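S.K.: Residue numbers (my numbering): 486 to 606.
(1) Which ranges would you report for the alpha helix (DSSP H) in the region 527 to 593 if only whole runs of at least 4 residues count?
(2) Exposed or buried, which one is residue 531 when buried takes at least 16 other CB atoms within 10 Å?
(3) If we count the other Cβ atoms within 10 Å of its Cβ and call it buried at 16 or more, is residue 547 buried or exposed?
(4) Does the beta-carbon of residue 544 have 16 or more other beta-carbons within 10 angstroms, so that it is buried, or is it exposed?
(5) Rounding to the nearest angstrom, what Cα-Cα distance links residue 585 and residue 540 in this structure?
(6) What does the Cβ neighbour count give for residue 565, buried or exposed, with the cut at 16 atoms within 10 Å?
(7) Work out the CA separation of residue 572 and residue 589 for me, nearest whole Å.
(8) Just the Cα atoms here: how many angstroms apart are residue 534 and residue 581?
(9) What do you get for residue 542, buried or exposed, if any count of 16 or more other CB atoms within 10 angstroms of its CB means buried?
(10) Determine the closest residue to residue 504 out of 554, 579, 593, 591, with distance taken between C-alpha atoms.
Pasting the structure below:
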């Protein structure tokens, strides 16, 4: 893997930590992929990586925390995320989903094949 792609993994993991602990949302993946001219293959590798899986799992856990409940799973989630209010958790979920959506959008826009030309009217 190239240095730039390794940086994407590190930045995504750091963004996850900063979003939860400091409630700051500074990382945008799409502009980074565009600027670094990442390949579709490297973007697919990122989407299948443990980093992306961790981001998706955290977003899912936060959604379950927001939903609430009385069973043991929700009790554990309340215990784990007790320091977050539900509005803060919603913002974090939206941010984490945005990171994954940026990667999927970049991967979709960089499919092989010819682009359809827009028809001028």
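Note that the Cβ used here is the ideal one computed from N, Cα and C, for glycine as well.
The structure displayed is predicted, hence computed values, not measured ones.
M.R.: Taking the coordinates as given:
(1) Counting only runs of 4 or more, we get 535 to 552, 557 to 565.
(2) Answer is buried; the Cβ neighbour count reaches 16.
(3) Here residue 547 is buried, its C-beta having at least 16 other C-beta atoms within 10 Å.
(4) buried
(5) 8 Å
(6) exposed
(7) 26 Å
(8) 15 Å
(9) exposed
(10) Considering only alpha carbons, the answer is 579.
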